[in-house]
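In UniProt numbering, the protein residues as written are 1 to 275.
From the three backbone atoms N, C-alpha and C, an ideal C-beta is built for every residue, glycine too.
See structure below.
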């Protein structure tokens, strides 16, 4: 906890949520999501699951190369379902900008729902809906979106947002109010972490741009052409309210049409968040 520097973008931000708490909440959210979509989660052997997970592996391996990780295990798996089919990463250095990525079990689920959407959950979890795959047909398009979601996790954007509400934790400590209130606080944190159009806009356009920036670097490292990303963003703009990258609020729409199209060219220069 404290002032942290994001990998790739080198931006400093305040994180008041411990890595353990962040991952614990992420696990609860991920399990809740699996219960919500029970019967709709595609099996690991389904062609769409194989394809998306394969693309995800390429992005994660690009992350490992970029941050000098050591891979432990293989593939991307389903928590509590295929224990031997997960990707685990272990850092070679001591605590630093990438400490929160140590020991992650990266997992990707594909959910059979018509939503044109993908979401990331703390702890290395990414969920892709089949509606997205119906719209974005090529591996490069899917990789752009997956890399963006990985960018959010690398930059700990949800933890950064939750840090604004740390007063809930302080209240629990001061009042020593026991298990019942602790459960209520956990529920409050889950609510704050849920993807919401309004809350997403409130976290700031800068975080979305940062996820774009990190995602583009990962795309290039994975062998994809990041110059095609603006086409993906423009296409996503046609599905306002469903996009994992933007909302249809006016500010987000302006960003989608104007600001984001400049990110690929910026990515080859100095990070716009570098201090």
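Roughly how many angstroms separate the alpha carbons of residue i and residue j, rounded to a whole number?
i           : j           : result
residue 209 : residue 144 : 13 Å
residue 19  : residue 104 : 11 Å
residue 101 : residue 239 : 31 Å
residue 126 : residue 109 : 6 Å
residue 41  : residue 3   : 38 Å
residue 140 : residue 59  : 11 Å
residue 24  : residue 117 : 24 Å
residue 220 : residue 226 : 6 Å
residue 161 : residue 22  : 11 Å
residue 230 : residue 35  : 35 Å
residue 61  : residue 67  : 10 Å
residue 30  : residue 228 : 31 Å
residue 69  : residue 63  : Here residue 69 scores only 49 on pLDDT, less than 50, and its place in the model is too uncertain to base an answer on.
residue 56  : residue 44  : 13 Å
residue 137 : residue 50  : 15 Å
residue 216 : residue 205 : 17 Å
Spatial neighbours of residue i within its chain, please: C-beta separation below 6 Å, excluding the five flanking residues on both sides.
i           : result
residue 154 : 7, 214
residue 128 : 52, 110, 118
residue 253 : Any reading at residue 253 must be qualified, since the residue scores a pLDDT of 40, below 50, and its modelled position is unreliable; the value itself is stated next. Excluding positions up to five away in sequence, the list is empty.
residue 211 : 148, 151, 152
residue 270 : Its pLDDT being 47, under 50, residue 270 is placed unreliably in this model, and the coordinates cannot settle the point.
Answer with buried or exposed for residue i, where buried requires no fewer than 16 other C-beta atoms within 10 angstroms of its C-beta.
i           : result
residue 158 : buried
residue 38  : exposed
residue 223 : exposed
residue 32  : exposed
residue 234 : exposed
Return the residue from the list the options that minimises the CA-CA distance to residue i.
i           : options            : result
residue 123 : 47, 149, 46        : 149
residue 156 : 236, 115, 120, 137 : 120
residue 133 : 147, 114, 151      : 114
residue 207 : 116, 216, 35, 151  : 151
residue 289 : 232, 47, 32        : This structure cannot settle anything about residue 289, because the visible part of the chain is limited to 1 through 275.
residue 54  : 142, 28, 163       : 142
residue 17  : 163, 135, 26       : 163
So, at 8 Å on beta carbons, what are the nonlocal neighbours of residue i in its own chain, with the 5 sequence-adjacent residues on each side left out?
i           : result
residue 130 : 42, 48, 110, 111, 112, 113, 114
residue 218 : 59, 62, 63, 66, 147, 150, 151
residue 135 : 116, 235, 239
residue 46  : 110
The ligand FMN and residue i: does any heavy atom of the ligand fall closer than 7 Å to the residue's C-beta?
i          : result
residue 18 : Absence of the ligand FMN from the depicted structure is noted, as is the absence of any ligand whatsoever, leaving it without description.
Can you find a CB in chain D that lies within less than 8 Å of the CB of residue i?
i           : result
residue 128 : In summary, chain D is missing from the structure at hand, where a single protein chain is found.
Once the 5 residues before and after residue i are set aside, which same chain residues still bring their CB inside 7 Å of it?
i          : result
residue 26 : 121, 122, 123, 125
- Item | beta strand (DSSP E) runs contained entirely in the region 125-170, provided each spans 3 or more residues | 125-129
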